[in-house]
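Only one structure is covered here, and it is reproduced in the block below.
Numbering (the working numbering), first residue to last: 9 to 161.
Here you go:
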């Protein structure tokens, strides 16, 4: 069985960090994701999400309202009894990882999120190519000779 969710959208308000009785960090937030085809005048879905531990700490420190985020996680359903004794069912996304999807400069130009501190290892940054790189070895030849015995299929 597979339960994986990937979302891209903007966070609707600043996340608020809370702690459980055991000291575990948790944030609840909503992501607005655009629909490809609007239905009944609504062109976005507002999806409830929750993040725990280091992901929650990261979000509380760096994420602000309007930030364009990519998140990966799983769908979770749970229920509880409210103060009136009514059973309440909740479906939400439990985020395993969250990433910024736009630069600080682009966000500032659109009047959105601007990070207060550097992010560190938030994304992949390619190293500068070496003088004798892999691409340079193959760009000099017009054709590439590969025998059928060399193919893996």
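Ideal Cβ positions, reconstructed from N, Cα and C, are used throughout, including at glycine.
Roughly how many whole angstroms lie between the Cα atoms of residue 107 and residue 95?
Straight-line Cα distance between these residues: approximately 34 Å.
Does the distance from the CB of residue 19 to the CB of residue 75 come in under 8 Å?
It is a contact, given that the beta carbons lie within the stated cut-off.
If we ignore side chains and look at the alpha-carbon of each, how far apart do residue 62 and residue 33 end up?
In this structure, the CA atom of residue 62 is about 7 Å from the CA atom of residue 33.
Element boundaries [alpha helix (DSSP H), containing residue 69]
Where residue 69 is concerned, the enclosing alpha helix (DSSP H) starts and stops at 61-70.
Cβ atoms of residue 68 and residue 23: under 8 Å apart, would you say?
Yes, the pair counts as a contact, with Cβ atoms nearer than the cut-off.
Please name the residue in 81, 55, 60 whose C-alpha comes closest to that of residue 98.
A check of alpha carbon separations from residue 98 across 81, 55, 60 identifies 55 as the nearest.
Reduced DSSP category for residue 73 - H, G, I as helix; E, B as strand; rest coil
Looking at residue 73 - three-state DSSP - the assignment turns out to be coil, as it is neither helix nor strand.
Reference residue 181; option with closest CA among 73, 49, 40, 79
The question about residue 181 has no answer, for the chain in this structure spans 9 to 161.
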